[in-house]
Amino acid sequence: MEHHFMWTWPIYGYLFLAGTGAGATAISAVVLMRGAGGAFGPRYFDVARLGAMIGPLPVIIGTGFLIFELGRPFRAFNIMTSNFWFMPLNPSPMNFGGWMLLPFGIFGVLYMFCFMPWSRWLPGVRGNLLDAWSTKLRGPLAMIMVPLSVATAIYTAVLLGAVPARPLWNSPVMWALFTVSAFSTGIAAIMLGQRLTYRANGDREAERHFHNSGYALTVADLVLIAFELMIIALFFMAAYFSYGDVRYAIQVFLSGGEMAGLFWVGLVGIGLLVPFCIEAFFVLRKMRTGSFRVPYAVEIVTPLAILVGGFILRYVIVIGGQITGPVGL
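The C-terminal position of the sequence shown is numbered 1184 in our numbering, with every residue numbered one higher than the one before it.
Pasting the structure below:
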């Protein structure tokens, strides 16, 4: 059957990029506030720095996709200014999103700048002064970025849930699914960046910190993937025990459905179960032997699979919701 889709690549591109960027920033801020204690040790700063460097750009690019989708990008600011004084009484998802993404972009870039090696780039008084200000501002900005990042991750689901005629998007667990997935893909982006930027130089202490931080990130991601799988199960249970339109909508993911193969093989299989099994294997081996050593190829492929799964999740939800709707009009 041929379908006409109103929401295409700019929407699921935004949902993926904004979720990943928000997740990476949230993890960075939490790790920075946690400090050097625990399993992260002195390596915590590099994890926080990578998350801060990765986070803002995907959100800004994804927001650009969202503005492009409006058809009149130069009038995007009208979304924020229209109904401004009455927004608390009559909130609009697009209005709310605009006023949330703007501070995320501003504070996210400032937070990223606080991790720049200013004294290396600008030798002398200016570089030292910027380093001193960066050190002072990191903590307060991290506290600001945590709620902004969580709100941005949740908004990726709110944007879909604001369309009541699409039953697939109105599931009560959709916001939880997108939020947990955002944190998981954010961790995957940090893990991938950490692996690509780390260079062994014979320093055993630095190598130990690298593997310890990798282990902590892997455990966190393992828990998030487990939650994501449980939320997907709840998603199907809630839809199955529902009635009418919602129960009909999930047929697109079941046997014979148009999105079934991509959902079960691409998302659940490659994007969730494969990384879960790989991470569980190395975590259990660490618990048994005390050593956390992962082959280079595995450290590249595993986060890539998680990122691919995160993209497929947004794709099948956006396209599947349009295949099964509109209803009730």
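Positions of the beta carbon are idealized from the N, C-alpha and C atoms, including for glycine.
Asked	Found
Taking the alpha carbon of Pro-1022 as the point to measure from, which residue in Gly-906, Leu-921, Ser-1097 has its own alpha carbon closest?	Ser-1097
Since Gln-1177 is in the alpha helix (DSSP H), which residue starts that stretch and which ends it?	1151-1178
For Met-861, I'd like the list of residues in its chain whose CB is within less than 8 Å of its CB, leaving aside the five on either flank, ordered along the chain.	Gln-1177
Which same chain residues, not among the five before or five after Phe-871, have their C-beta less than 7 Å away from its C-beta?	Gly-1165, Phe-1166, Arg-1169
For Trp-988, tell me which candidate among Val-885, Ser-974, Ala-881 has the shortest Cα-Cα distance.	Ser-974
Reducing DSSP to helix, strand and coil, say where Ala-1055 ends up.	coil
Between Gly-1016, His-1064, Pro-978, Thr-1034, which has its C-alpha nearest Leu-1003's C-alpha?	Thr-1034
In angstroms with no decimal places, state the Cα-to-Cα distance between Ala-1160 and Arg-981.	43 Å
Kindly list the residues whose CB is nearer than 6 Å to the CB of Thr-875, restricted to its own chain and excluding five residues on each side of it in sequence; keep chain order.	Pro-913, Thr-1040, Gly-1041, Ala-1044
If you draw a straight line from the alpha carbon of Val-886 to that of Leu-905, how long is it in whole angstroms?	11 Å
Can you tell me where the alpha helix (DSSP H) with Ile-866 in it begins and where it stops?	864-889
Taking buried to mean at least 16 other C-beta atoms within 10 Å of its own C-beta, is Gly-890 buried or exposed?	exposed
If you measure between the beta carbons of Ala-1037 and Ala-1075, is that distance less than 8 Å?	no
How about the stretch 1059-1066 and the stretch 1113-1132: do they share at least three Cβ pairs that are nearer than 8 Å?	no
Can you tell me where the alpha helix (DSSP H) with Ile-1133 in it begins and where it stops?	1129-1144
What residues in its chain sit with their C-beta under 6 Å from that of Glu-1154, if we drop five residues either side in the sequence?	Arg-1050
In this structure, how does DSSP classify Gly-1111 when only helix, strand and coil are distinguished?	coil
Span of the alpha helix (DSSP H) holding Ser-1097?	Note, Ser-1097: premise wrong, no alpha helix (DSSP H); not H, not E.
Are Gly-979 and Met-888 closer than 8 Å when you measure CB to CB?	no
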